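Beneath this line is the structure, given in structure tokens, with notes to follow.
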Amino acid sequence: KELPQGHDEL
Amino acid sequence: MNIFRLAGDMTHLASVLVLLLKIHTIKSCAGISLKTQELYALVFATRYLDLFTDYISLYNTLMKLIFLVSSFSIVWYIRHHKIVRRSYDKDQDTFRHYFLVLPCFLLALVINEKFTVKEIMWTFSLYLEAVAILPQLVLLQRTRNIDNLTGQYVFLLGAYRSLYILNWIYRYFTEPHYVHWITWISGLVQTLLYADFFYYYFQSWKNNVKLELPA
């Protein structure tokens with residue numbers, strides 16, 4: 181699934 | 082995940098643990114700005130709304146939960162713990178929350194990627210995190226004499242920000258379409274706020290003397 185920008189960071 | 086990102090997360094985690102350790106073992110929050118801690122709790126509460134909607138990884142979920150729980154615990158300790166709260170110097174910690182919260186919220190309403198509640202809250206949390214350290218820095222300037230743990234706490238936070246910038250540079254060159262202006266600019270502003278502190282921190286470390294900030 182494509183996440184919005186940088187949302188996999190804390 | 083690259084090494085810079087992991088090291089950044091670990092120094093961030095270490096900064097929170099140092100602070101909790103200080104409060105828990107010494108039963109003192111002297112030199113710690115409650116305003117900054119409350120702002121961080123707000124930062125995490127608004128940024129991690131995606132805990133309810135997206136699953137990224139176990140690591141991601143666990144770290145988010147740790148940051149949420151630890152930031153609210155720190156606020157609880159300073160406000161309510163019967164011994165710790167006595168060491169809180171309310172008269173020195175006078176920065177007003179809304180000076181930071183309001184502009185950040187308005188900016189998030191205007192400059193964001195997508196006009197949805199979740200996205201605006203996420204953007205707001207980035208802007209707020211960039212400036213949330215200000216009450217702490219003001220408090221350090223005022224009290225000047227800083228104990229080791231408070232100095233280490235701010236140093237670790239600054240290290241975390243610097244490592245995140247290296248992480249973004251790495252991701253920019255290794256991942257296609259990795260261009261995140263909002264994250265980068267607010268992250269850069271946040272890191273620059275530490276520059277002055279870093280200068281004095283390294284000087285005191287080099288000369289092997291206790292850290293003192295100029296008035």
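If you read the sequences in order, they're chains A and B. Going by this note's numbering, the letters in the first sequence line up with residues 181 to 190, in that order. Going by this note's numbering, the letters in the second sequence line up with residues 82 to 296, in that order. Yeah, the Cβ is synthetic: ideal placement off N, Cα and C, and Gly gets one too. Quick caveat: nothing in here was measured; it's all calculated off a predicted structure.
Is it right to say residue 183(B) is buried, meaning 16 or more other beta carbons lie within 10 angstroms of its own, or is it exposed?
Flag for residue 183(B) reads exposed.
Assigned secondary structure, residue 229(B) (DSSP; H/G/I helix, E/B strand, else coil):
In this structure, residue 229(B) counts as helix in the three-state DSSP scheme.
Could you tell me the alpha carbon to alpha carbon distance between residue 290(B) and residue 186(A), rounded to whole angstroms?
40 angstroms
Less than 7 angstroms between the C-beta atoms of residue 172(B) and residue 114(B), yes or no?
no
Which residue from 255(B), 287(B), 283(B) and 246(B) puts its Cα closest to that of residue 271(B)?
246(B)
Provide the residue(s) that pair with residue 194(B) in DSSP beta bridges, ordered along the chain.
Residue pairing by DSSP places residue 194(B) in no beta bridge whatsoever.
Do we get a CB-CB distance below 7 angstroms when we pair residue 90(B) with the residues of chain A?
Chain A, which has a Cβ nearer than 7 angstroms to the Cβ of residue 90(B), makes this yes.
Between the CA atoms of residue 164(B) and residue 275(B) - distance to the nearest angstrom:
Approximately 31 angstroms, taken between the alpha carbons.
Give the secondary structure of residue 293(B) by DSSP, where H, G and I count as helix, E and B as strand, and everything else as coil.
strand
Three or more C-beta pairs under 8 angstroms: does that hold for the stretch 135-145 of chain B against the stretch 98-112 of chain B?
no
Rounding to the nearest angstrom, what Cα-Cα distance links residue 180(B) and residue 258(B) in this structure?
Straight through space, the alpha carbons of residue 258(B) and residue 180(B) are spaced by roughly 35 angstroms.
For a cutoff of 7 angstroms on Cβ pairs, would you count residue 202(B) as touching chain A?
no
Candidates 229(B), 235(B) and 129(B): closest to residue 198(B) by CA position
129(B)
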